[in-house]
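Visitor: Numbering-wise (my numbering), the sequence shown opens with residue 155 and increments by one.
Idealized CB from N, CA, C, for every residue including glycine.
None of these values were measured; they are calculated from a predicted model.
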Amino acid sequence: MSKLKQFQNILVEAFRGSNRDFTEGSIGTAVFLLSVPMIIEMLGESLFAVVDIFYVAKLGANAVAVIGITETVLVLIYAMAIGLSIGATATIARRIGEKQPEEAAKTAFHVIILGLIVSAVIGVIGVIFAPYFLKLIGAEADVITLGTVYARIMFGTNFVIVFLFLLNAIFRGAGDATVSMRVLWLANILNIMLAPIFIFYFDFGVTGAAIATSIGRGIGVIYAFAMLWSNRGRITIERKHCKFDPILLWNLVKISSSAVLQFTIGTASWIGLMKVVSNFGSEAVAGYTIGVRVIVFALLPSIGMSNAAATLVGQNLGAGKPERAEKSVWKAAFFNAIFLTTTGILFIIFARQIVSIFTNEPNVVNYATDTLRIVSYGFIFYAVGMVLESAFNGAGDTWTPTYLNFFVFWMFEIPLAYVLANNFGLKTHGVLWAITCAFSTLTVVSLIIFKRGKWKLKVV
155 MSKLKQFQNI LVEAFRGSNR DFTEGSIGTA VFLLSVPMII EMLGESLFAV
205 VDIFYVAKLG ANAVAVIGIT ETVLVLIYAM AIGLSIGATA TIARRIGEKQ
255 PEEAAKTAFH VIILGLIVSA VIGVIGVIFA PYFLKLIGAE ADVITLGTVY
305 ARIMFGTNFV IVFLFLLNAI FRGAGDATVS MRVLWLANIL NIMLAPIFIF
355 YFDFGVTGAA IATSIGRGIG VIYAFAMLWS NRGRITIERK HCKFDPILLW
405 NLVKISSSAV LQFTIGTASW IGLMKVVSNF GSEAVAGYTI GVRVIVFALL
455 PSIGMSNAAA TLVGQNLGAG KPERAEKSVW KAAFFNAIFL TTTGILFIIF
505 ARQIVSIFTN EPNVVNYATD TLRIVSYGFI FYAVGMVLES AFNGAGDTWT
555 PTYLNFFVFW MFEIPLAYVL ANNFGLKTHG VLWAITCAFS TLTVVSLIIF
605 KRGKWKLKVV
């Protein structure tokens with residue numbers, strides 16, 4: 155009974171926010187306290203991936219294709235935002251581990267400056283060239299006409315995406331995972347409420363989905379900014395921290411640039427895959443999009459646990475405890491493997507029933523079912539691989555995953571997808587098997603490199 159009570163107390167602490175020093179005490183407890191809010195945070199992010207599709211699927215295959223193809227380009231923005239957030243998390247976690255909260259706050263201010271610059275450049279380019287991006291990916295003429303406004307809104311408001319990642323990365327690096335959780339859930343609740351209103355009531359169609367998502371995320375960002383200046387958490391930005399330091403900004407650029415490149419390489423590979431899929435028509439694109447959205451719904455919580463590993467690695471290396479950092483990674487990988495393997499089995503068994511929630515078009519259902527089943531076969535590899543990649547990034551060793559992403563995704567996955575789909579006549583199945591093979595290969599190679607231990611020597 156005392157153990158049950160202890161578990162309940164830790165669970166409540168995870169939701170309310172913990173003041174513990176994560177470089178001391180039980181590693182399992184530290185992983186749990188950080189993982190729970192981060193998993194729930196990523197569940198919130200994954201809701202963005204399925205809510206819009208749920209509503210937009212009612213508008214037909216072309217409308218779903220608009221979101222799928224636009225998101226394929228938007229992943230480059232996600233890559234930029236995630237790359238910047240990796241630099242933020244790694245640097246802030248290291249300063250917190252070194253017991254330098256003032257330096258962590260200065261870093262957070264410069265992360266915001268970097269985010270403003272990046273989102274402004276992306277917004278201008280995206281709004282101007284939106285229809286050309288859609289055409290480049292392989293969108294049919296009807297899809298381009300239907301989706302240009304949607305794409306321009308999403309590109310033009312990219313700052314809410316960038317800052318949602320960046321501000322939450324600041325909180326995660328400091329160990330304030332519950333703040334990130336609240337930000338995402340606030341944004342999602344608003345999106346769930348507003349999406350049907352703008353899509354159906356105001357009859358904006360697929361454009362309404364972009365409006366609802368941007369408003370929801372925007373209010374979430376405002377809340378995150380308020381918390382960062384509120385003096386209610388582990389990290390607070392005050393006026394004294396807002397003095398511009400070009401050296402600090404440049405250090406952030408250096409560590410973040412390789413992380414941006416890392417995720418640009420990884421996520422841009424999805425553009426190549428979408429290009430192959432688009433050769434088989436809008437129904438194939440729609441089914442593939444729905445299947446991938448459901449997969450993302452499962453993977454994002456798993457990424458939450460990986461983020462916990464990154465925070466623990468950064469803080470423990472900052473505290474001069476590399477062995478504790480490594481043990482934290484293995485613990486997080488074990489938990490993640492259990493979670494994602496169980497999820498994959500459920501997806502394989504109930505794939506058709508799951509995708510039927512989003513559409514009743516027979517061909518689209520078939521494509522989506524195949525996507526969900528084939529990709530799920532590799533979930534146990536993805537679980538371990540995501541934690542290892544986050545561990546490298548949390549240590550500030552962002553170049554190792556960058557090299558791995560380039561060789562595995564661009565030199566192996568995309569050529570394999572093209573050959574299997576066209577030369578071997580597997581069509582979309584070829585793309586799906588290429589995804590499973592590539593991520594499994596990435597995990598095996600990452601495991602070999604991680605065990606060598608050079609990441610423990612990285613200076614941030």
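Could you check the C-alpha separation between F313 and I207 for me, to the nearest Å?
Guide: 22 Å
Visitor: Mapping DSSP to helix, strand and coil, what is T497?
Guide: helix
Visitor: Report the option in G420, I534 and D357 whose CA atom is closest to the CA atom of Y557.
Guide: Cα-wise, what sits closest to Y557 is G420.
Visitor: Out of A479, I298, V275 and G292, state which residue places its alpha-carbon closest to the alpha-carbon of P285.
Guide: I298
Visitor: Where do the ends of the alpha helix (DSSP H) carrying C591 lie?
Guide: T582 to R606
Visitor: Using the C-alpha atoms, what's the distance from A258 back to G372?
Guide: 25 Å
Visitor: Using the Cα positions of A486 and A505, report the straight-line distance between them to the nearest angstrom.
Guide: 27 Å
Visitor: In chain order, what residues of the same chain lie with their CB nearer than 7 Å to the CB of L300, ignoring the 5 residues before and after it?
Guide: N216, A217, V220 and V360
Visitor: Exposed or buried, which one is C396 when buried takes at least 16 other CB atoms within 10 Å?
Guide: exposed
Visitor: Cβ atoms of Q469 and P555: under 7 Å apart, would you say?
Guide: Inclusion of P555 and Q469 in the CB contact set at 7 Å is not warranted, their separation being larger than that value.
Visitor: On a CA-only basis, which of N547, F561, L596 and F578 is nearest K612? Give me that one, please.
Guide: N547
Visitor: With a Cβ-Cβ cutoff of 7 Å, do L466 and F176 count as a contact?
Guide: yes
Visitor: In three-state DSSP terms, what is E178?
Guide: coil
Visitor: Below 7 Å between beta carbons: does that hold for N490 and V450?
Guide: no
Visitor: Considering Cα atoms alone, identify which of K608, Q254 and G329 is closest to W553.
Guide: K608
Visitor: Less than 7 Å separating the beta-carbons of G269 and V316?
Guide: yes
Visitor: What ranges does the alpha helix (DSSP H) occupy inside the region 366 to 436, keeping only unbroken runs of at least 4 residues that lie completely in it?
Guide: 400 to 432
Visitor: Between which two residues does the alpha helix (DSSP H) carrying L268 extend?
Guide: Counting along the chain, the alpha helix (DSSP H) containing L268 begins and ends at P255 to I291.
Visitor: What is the rounded straight-line gap between the Cα of F169 and the Cα of A184?
Guide: 13 Å
Visitor: What residue from L165, S368 and G179 has the CA that sits closest to I194's CA?
Guide: L165
Visitor: Determine the DSSP secondary structure at I343, reduced to helix, strand or coil.
Guide: Note: I343 maps to helix in three-state DSSP.
Visitor: With three or more beta-carbon pairs closer than 8 Å as the criterion, would you say the region 385 to 402 touches the region 346 to 361?
Guide: Short answer: they don't touch.
Visitor: With 16 other CB atoms within 10 Å as the buried threshold, where does R606 fall?
Guide: Classification of R606: exposed, given that the 10 Å Cβ count is below 16.
Visitor: To the nearest angstrom, how far is the alpha carbon of A233 from that of S544?
Guide: 14 Å
Visitor: Please list the segments of the alpha helix (DSSP H) lying wholly inside the region 492 to 563, counting only runs of 4 or more residues, in order along the chain.
Guide: 516 to 530, 533 to 548 and 553 to 559
Visitor: Please state if the CB of I444 and the CB of F512 are separated by a distance shorter than 7 Å.
Guide: yes
Visitor: Pair every Cβ in the region 229 to 244 with every Cβ in the region 390 to 409, then say whether three or more of these pairs are closer than 8 Å.
Guide: yes
Visitor: How about the region 490 to 500 and the region 261 to 277: do they share at least three Cβ pairs that are nearer than 8 Å?
Guide: no
Visitor: Between which two residues does the alpha helix (DSSP H) containing N216 stretch?
Guide: A215 to G251
Visitor: Which value, in whole angstroms, describes the spacing of the CA atoms of V337 and V303?
Guide: 27 Å
Visitor: Identify the continuous alpha helix (DSSP H) that holds G310 and give its terminal residues.
Guide: A295 to G310
Visitor: Could you tell me the distance, in whole angstroms, from the CA atom of I376 to the CA atom of T311?
Guide: 14 Å
Visitor: Compare the C-alpha of L201 against each of T496, G182 and A341 and name the closest.
Guide: A341
Visitor: Report, in whole angstroms, the separation of the C-beta atoms of S482 and G539, which I expect to be a contact under 8 Å.
Guide: Going by Cβ atoms, the distance from S482 to G539 rounds to 17 Å, so no, they are not a contact pair.
Visitor: For A571, report the span of its alpha helix (DSSP H) as first-last.
Guide: Run containing A571: I568 to Y572, per the alpha helix (DSSP H) assignment.
Visitor: Just to confirm my understanding: we take A479, look at its own chain, exclude 5 residues before and 5 after, and list those with CB closer than 6 Å. What are they?
Guide: V467, N470 and L471
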